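Each residue of the sequence shown is one higher than the one before, starting from 1 at the first, in the numbering used here.
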Amino acid sequence: MLILETPRYNFRSVAFSPDGRHLAVGADKQRAQVWDLEHRRVVFEQTVVAATDASASVAFLDNHRLLIGNRLFIDECRWADNTTRNLFTTESTRVEYGAFTVAPNGSSLVLCDFHSRLQRYSLDQRAPALEWTASLDRYVGFALTCSADGSRIACGLYNGQVSIFDAATGRHLNTLGEEKAAQIGAVGISPDGKTIVWAGGPRLHFWREGETRYHSLGRTHFLGIAFHRSGDFFATAKGDGTVDTWDTRTGERRDSYDWKVGKLNGVAFDATGDRAAACSATGKIVIWDVDH
1 MLILETPRYN FRSVAFSPDG RHLAVGADKQ RAQVWDLEHR RVVFEQTVVA ATDASASVAF
61 LDNHRLLIGN RLFIDECRWA DNTTRNLFTT ESTRVEYGAF TVAPNGSSLV LCDFHSRLQR
121 YSLDQRAPAL EWTASLDRYV GFALTCSADG SRIACGLYNG QVSIFDAATG RHLNTLGEEK
181 AAQIGAVGIS PDGKTIVWAG GPRLHFWREG ETRYHSLGRT HFLGIAFHRS GDFFATAKGD
241 GTVDTWDTRT GERRDSYDWK VGKLNGVAFD ATGDRAAACS ATGKIVIWDV DH
């Protein structure tokens with residue numbers, strides 16, 4: 001187990017590079033870092049004079065490029081040569097963004113905006129090219145994820161429901177959950193697409209092949225979700241500082257970990273499934289070996 005730390009940072013999102021050599025974390029006030037895991041040092045840092053306290057989300061396109069974004073902008077960063085270019089900004093689109101996610105192969109970006117739209121853009125060219133637009137039926141999405149095979153997109157909505165879309169066409173496939181439930185802050189899809197999990201406040205909702213259940217572990221909120229590449233289990237990060245793992249087929253909790261680092265906002269597995277990381281509101285990042 002390894003703990004990395006940047007004092008006074010409130011880390012909100014975490015992601016491994018495809019080769020597992022780097023780790024990115026997004027923080028409040030539009031800040032983000034890339035860590036070299038072998039040498040345990042920061043190799044790239046974005047700090048912006050923030051016009052908002054909105055937190056940065058991070059997602060790798062490949063081993064050399066990272067997307068950093070929040071309500072106001074989405075940037076592509078190359079940390080090797082310390083360059084950044086803007087892909088989207090509210091100044092050009094006149095709309096704020098709720099969330100974004102990247103296709104597994106890094107070829108496309110899906111984002112939801114405050115006009116209740118879900119849009120997919122190709123990233124194969126110099127400038128993003130719009131491929132399709134889907135309606136979120138008057139609601140704003142605040143959590144997005146793409147299935148491991150790139151075929152499905154799950155969008156967690158402000159009204160507490162999850163909408164499922166075909167990633168290739170944008171066609172709406174299903175809506176899960178109860179309307180007027182707590183706003184969804186995290187969502188995950190199992191690699192086989194048969195299990196969908198989402199978090200709304202202190203409830204963890206578990207849907208598998210037509211059946212929905214939920215778990216509540218006291219008053220603490222579920223804040224992050226990540227599926228292991230095997231599909232056998234997934235992990236959740238919680239406001240009480242613990243990471244729990246859950247069986248994908250039964251929905252039952254398997255293990256619980258507490259490293260005493262404070263509130264945990266995000267969790268991620270690397271591409272091999274051998275390591276996981278969780279980021280905290282106290283500026284700490286915990287990296288540990290996964291027991292399969």
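Idealized CB from N, CA, C, for every residue including glycine. Source: prediction; values computed, not measured.
{"Item": "From the DSSP output, in three-state form, read off residue 89 for me.", "Value": "strand"}
{"Item": "Pairing CB atoms from the stretch 244 to 254 with CB atoms from the stretch 266 to 274, are three or more of them under 8 Å?", "Value": "no"}
{"Item": "If you draw a straight line from the C-alpha of residue 174 to the C-alpha of residue 17, how long is it?", "Value": "31 Å"}
{"Item": "Closest to residue 200 by CA distance: which of 176, 190, 193 and 166 is it?", "Value": "176"}
{"Item": "Compute the Euclidean distance between the alpha carbons of residue 7 and residue 216, then round it to the nearest angstrom.", "Value": "31 Å"}
{"Item": "Please work out which residues of its chain come closer than 7 Å, Cβ to Cβ, to residue 28, disregarding the five sequence neighbours upstream and downstream, and give them in chain order.", "Value": "10, 12, 53 and 55"}
{"Item": "Which residue comes first and which comes last in the beta strand (DSSP E) that contains residue 209?", "Value": "Segment: none, residue 209 is in no beta strand (DSSP E) and carries neither H nor E."}
{"Item": "Count the other CB atoms, across all protein chains shown, that sit within 10 Å of the CB of residue 320; report buried if there are 16 or more and exposed otherwise.", "Value": "Residue 320 lies beyond the stretch modelled for the chain, which goes from 1 to 292, so this question has no answer here."}
{"Item": "By the three-class DSSP mapping on this structure, what secondary structure does residue 184 have?", "Value": "coil"}
{"Item": "In terms of residues, what are the limits of the beta strand (DSSP E) holding residue 131?", "Value": "129 to 135"}
{"Item": "Just the Cα atoms here: how many angstroms apart are residue 161 and residue 169?", "Value": "21 Å"}
{"Item": "Around the C-beta of residue 260, are 16 or more other C-beta atoms found within 10 angstroms, so that it is buried, or is it exposed?", "Value": "exposed"}
{"Item": "Please state the DSSP three-state secondary structure of residue 233.", "Value": "strand"}
{"Item": "I'd like to confirm the pairing. Which residues does DSSP put opposite residue 172 in its beta bridges?", "Value": "165"}
{"Item": "Could you compute how far the alpha carbon of residue 124 sits from the alpha carbon of residue 107?", "Value": "6 Å"}
{"Item": "Once the 5 residues before and after residue 245 are set aside, which same chain residues still bring their CB inside 6 Å of it?", "Value": "233, 235, 254 and 255"}
{"Item": "So, at 7 Å on beta carbons, what are the nonlocal neighbours of residue 183 in its own chain, with the 5 sequence-adjacent residues on each side left out?", "Value": "142, 158, 160 and 200"}
{"Item": "So the beta strand (DSSP E) residue 33 belongs to, where does it begin and stop?", "Value": "32 to 36"}
{"Item": "To the nearest angstrom, how far is it from the Cα of residue 136 to the Cα of residue 116?", "Value": "5 Å"}
{"Item": "State the start and end residues of the unbroken beta strand (DSSP E) segment that holds residue 143.", "Value": "141 to 146"}
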